[in-house]
Every structure is written in C-alpha cells, then in structure tokens.
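Down below is the structure, laid out as structure tokens.
2 protein chains.
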Amino acid sequence: MELGYAATSLRMITAKAEVNLAAVNYHFGSKDALIREVFERRLGPLNSARIAHLDELELGACGGPLTIEQIMEAIVAPALQVSRNPLGGGAVFLRLLGRAFSEPADSMREILPAQYRQVVVRFKEALVRALPEIPDQELTWRMHFMFGALSYSLAGNDALKLIATCNLEGVDEPEAIIRRLVPFLAAGLRAPLPHAGHQHGVPPRKIGSVSGRRVA
Amino acid sequence: MELGYAATSLRMITAKAEVNLAAVNYHFGSKDALIREVFERRLGPLNSARIAHLDELELGACGGPLTIEQIMEAIVAPALQVSRNPLGGGAVFLRLLGRAFSEPADSMREILPAQYRQVVVRFKEALVRALPEIPDQELTWRMHFMFGALSYSLAGNDALKLIATCNLEGVDEPEAIIRRLVPFLAAGLRAPLPHAGHQHGVPPRKIGSVSGRRVA
DNA sequence: CCAACATTCAAACACCCGTTTGAATCGTTT
DNA sequence: AAACGATTCAAACGGGTGTTTGAATGTTGG
C-alpha cells in the first residue's frame, strides 16, 4: 500500500511479520502468489457481500428498478463494513485496494478483472434498468469513471493531500470520503447526454480551439 | 508508463533510447532527477497553458463567473492539444501523467504537488465563483474527485478494459474519453448537497445498515 | 518412544539494480 | 597541429532482489 508492489520486498514483509524469509516461498510459492492470496482472501468476500447486498435490494424492489443511490449503497456499504472491521482488513485494505487499481504489476492486472467480473456484470444490469435513457456504451464509460473515482479516493493519494488548498477533514476516514463521493457520482451517472439536444455544454468543435501558445 | 517507476530500470530506458547507461547519471545526476526533468519539461508547459486558457476565458467573461463547462475546458483543452502533438509528448505523456497520480515513488509525491499547486489555486477560485452555493470544503473534495477521475481515465488502466462488459470504443483516444468524462464531472460538481443544513449528510445509521452477513 | 512428516531457519544462489570510474573519443579553440 | 574540456563508453562496484537449498527443529500418529 505504501510503496507499490515492485518496491516492496519480501524481506520487508517477512521482517515486519517477524517470519523467516523462506516462509513465503514455502507456503505460497512466490511473491505473485502471495499478493494474489491477499486479494482472494479480502476482496473475494467484499465483492460477494456487494452482490448479496444488491440481491436483497432487488428482492425488496419487487422487480422494479432500483435507484442510483440504492445501487451505490450496495457497492459502498460492504466496503464501509470492511473499513470498520480491523480483523477483516480494515481501512488499510481499502487503501490497498484503491492503489491496486492503478498498480502496473502484471499480477495485479490479472487479479482485479478476475475478482470484479461478476460484480461488474450484476451492477451494470442494475444500472441499465435504473437509467434506461442512457445508452449502453455511455453507461459503461460512466461506470468506468465511477470505479476510477472510487478507487482513487479510497487510495487516499498523499500527493493530492498536498494539492488541497484547505485541510480536508476526514481524508483518512472512508466514511467521510464516501459520504461526499456518492452524491457526486450519482449526479455524474444521471448527467444529461452531451449530444441530446437540450444541453449545449461545450461545443465539440470549440474544445481546444483557444490558442495555448501563451505557454510561459 | 507501462511498468511504473520502480520496475522500470535505467538499463531498459537507455537501451530503448540507444544510449549508454552512464549517460543519464552524467547528464541528469540520478534516476530521480531524470523523471523530475521529464515532468518539468512536459507538465510545466501543460499547466501553464491551462492557466493561460483560464485567463483568456475570465477576460472574456468581464468579471462574471465562468460556467463549469468553461472551467473544465481550460483544464481539458490544453491536455487534448498535448495529446494531438506527438512532439510535445502526445497521448503517451497523458497516460504517463495519469499513472503518475497514483505512483507510490517518493519522487513523484514531490513532483506533482509542486507542479500543480498554482493550477489548483486558480481553478479552485474559478469554481468557488461558479458554484457559490457549494461550501468550500465540499468543493475541495469535489475537485479532488475530479482530478482523480481525470487522471484515472487518462491512465487508461488496462485492468479496467477487461472489466468492461462491452468493447469501449475509443479507450485509447483521449478525445473520446474526455468527451464522455466532462459532462459526467460537470454534473458531479453541480450535485445537490446531501443535506441542506450542515454535516451529517446521509444518516450514518442507514447506509450499510442492511445486513452484510450473507457473505459467502 | 520413535519414525514420518511439516515447518522453520540461516546461508547461499544467480541476477538485476543505480551509480561510479577511468580511459577513449569527439569538437572546438587557440 | 596541439591542447583541452565535454561527452561517450565498457567495466566494475556495492548492494538489494526473488528464490532455492539442506540441515535443524517442531508436531503428529502408530
């Protein structure tokens, strides 16, 4: 979580765990297999809980579409539960998970899609029903943005803390982050379509047309 | 961009550049100084162009507040210009930049805040004037989300391509990404406040209250 | 109690890292 | 042409990496 996959050595890990270096290769086989195990143990139950939560909500809706807020609750509430339970990983695992989404290591690029495939399919279906006026392609993009903002925020990037002009209260509390993020994302998901007549937004031709040659 | 800072060796870089290994230490001093130079050369002009673009728009607005779309144009248009100019870095630099935001290397955590400080201050001011009804704290968070989603999307994370249920057209074209992202973010920035009064937006008791013990 | 297996451990292995060195080469100037 | 600083280059340096090894130590079942 702190240094990234490549820069974190097994010697650091085994020293912190007060365990012999060879133990990880004996019990897991390799560094790759170790990190894979971590995500299977922590992310597996989290994503199962998300799907279970969605199941409950859809059962309660009696076949009708859910609201965006309900769908996001099914994503977010299980994560908050993890963050509140130090034995199940706690807030530290959520930060690790956030970072994992932009981890360049090959192992991670295999692990995450495998772990999220089911979640993505189920939530996509729910979103399609909740937002019938948004085309499929567009919705996929918006889900992409949603996962991006969520993972990025949970990662709690230290670089961006320094960017903030005022002290952000609760940067380290997932609950505070999510309370702010959910309305933001819900509004984004519901955004009017760019080319759908009524909203002029930014004319596509105009974007990038103002000269940027004033660069110092 | 492909492997992250730690996993990319100077031997890979110098081999690709068909240059002697010692050249980077001779001309730059260290690996850290090399990557710092890359960002000063590419990100410096980009952020200067963003500020210049914002200046022009504010000049045209005659002291009145800008629209969200205009503000986002000032952020996005210079980036698109970079992406269209291979000599100035091209789309590859935008992807590198996106990744840099979640790069755990120490050097990066110094470089980015330094490069973005001015940009953040100016755009924050513009947003405060465009959205007077949003409290300062909330707006800082939303800017945070905005930068997060922007960097994440530009990074073009391969992991998430596999998550997509349908083929995303234009994943590799910054223009296509941004055309989709801007309305999403604009709507997010304008989102109604979770609670008209003060703090506790979503009642904490409700979110996450559905039992998650069904976890498999 | 002892054989048989499972685990721990210190040491070594082969390899890659960023950086340094000192000689060879290049370009320019006197 | 000679001298001199700037650059290139192959080689080496010290150190860190993931992984393997083989002996020592636990732990369990007959």
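As you go down the protein sequences, you meet chains A and B in turn.
The first sequence maps to residues -13 to 202 in the numbering used here.
The second sequence maps to residues -13 to 202 in the numbering used here.
Just so it is clear, CB atoms sit at the ideal spot from N, CA and C, and this is done for glycine as well.
Bear in mind that the values here come from a model prediction, so they are computed numbers and not experimental data.
Please state if the CB of residue j and the CB of residue i are separated by a distance shorter than 8 Å.
i, j, result
"VAL(-7) (chain B)", "ALA(-8) (chain A)", "The sequence given here places Ala at residue -7 (chain B); Val does not occur at that position. The answer is yes: Cβ separation under 8 Å."
"ALA173 (chain A)", "ARG176 (chain B)", "yes"
"ARG115 (chain B)", "PRO51 (chain B)", "yes"
"VAL105 (chain A)", "ARG36 (chain A)", "yes"
"LEU32 (chain A)", "VAL68 (chain A)", "yes"
"LEU80 (chain B)", "ALA65 (chain B)", "yes"
"GLU23 (chain A)", "PHE14 (chain A)", "yes"
Among the options, which one has its Cα closest to the Cα of residue i?
i, options, result
"GLU26 (chain A)", "A:TYR102, A:GLN56, A:HIS39", "A:TYR102"
"ASP41 (chain A)", "A:GLU23, A:ALA60, A:PRO31", "A:ALA60"
"LEU83 (chain A)", "A:GLY30, A:HIS39, A:ALA8", "A:GLY30"
"LEU(-11) (chain B)", "B:PHE170, B:ARG95, B:ALA141", "B:ALA141"
"SER88 (chain A)", "A:ALA19, A:ALA100, A:SER137, A:ASP158", "A:SER137"
"ALA112 (chain B)", "B:ARG70, B:MET129, B:ILE163, B:LEU80", "B:MET129"
Count the other CB atoms, across all protein chains shown, that sit within 10 Å of the CB of residue i; report buried if there are 16 or more and exposed otherwise.
i, result
"MET132 (chain B)", "buried"
"SER16 (chain A)", "exposed"
"GLU119 (chain B)", "exposed"
"VAL62 (chain B)", "buried"
"ARG85 (chain A)", "buried"
"GLY75 (chain B)", "buried"
"ARG(-3) (chain A)", "exposed"
"ALA9 (chain B)", "exposed"
"LEU45 (chain A)", "exposed"
"ARG200 (chain B)", "Its pLDDT being 40, under 50, ARG200 (chain B) is placed unreliably by the model, and the measurement read from it follows with that caveat. By the 10 Å Cβ count, ARG200 (chain B) comes out exposed."
"GLY198 (chain A)", "Low confidence applies to GLY198 (chain A): its pLDDT is 38, below 50, so where it sits in the model is not reliable, and the reading given next is rough at best. So GLY198 (chain A) counts as buried."
"VAL168 (chain A)", "buried"
"PRO160 (chain A)", "buried"
"SER139 (chain A)", "buried"
Please report whether the beta-carbon of residue i lies at a distance below 8 Å from any beta-carbon of chain A.
i, result
"ALA(-7) (chain B)", "yes"
"ALA1 (chain B)", "no"
"SER16 (chain B)", "no"
"ALA173 (chain B)", "yes"
"TYR12 (chain B)", "no"
"PRO178 (chain B)", "yes"
"GLU(-12) (chain B)", "yes"
"GLU26 (chain B)", "no"
"LEU167 (chain B)", "yes"
"PHE203 (chain B)", "Chain B is shown only over -13 to 202; residue 203 (chain B) falls outside these bounds and no answer can be derived."
"ARG128 (chain B)", "yes"
"PRO90 (chain B)", "yes"
"ALA116 (chain B)", "no"
"ALA135 (chain B)", "yes"
What is the residue span of the alpha helix (DSSP H) that residue i lies within?
i, result
"SER88 (chain A)", "Counting along the chain, SER88 (chain A) falls outside any alpha helix (DSSP H), and DSSP gives it neither H nor E."
"GLY30 (chain A)", "17 to 46"
"GLY134 (chain A)", "122 to 141"
"THR53 (chain B)", "Unbroken run through THR53 (chain B): none, as it is neither H nor E."
"LEU175 (chain B)", "160 to 175"
"VAL10 (chain A)", "8 to 13"
"THR0 (chain A)", "-4 to 2"
For a cutoff of 8 Å on Cβ pairs, would you count residue i as touching chain B?
i, result
"ASN143 (chain A)", "yes"
"GLN104 (chain A)", "no"
"SER93 (chain A)", "no"
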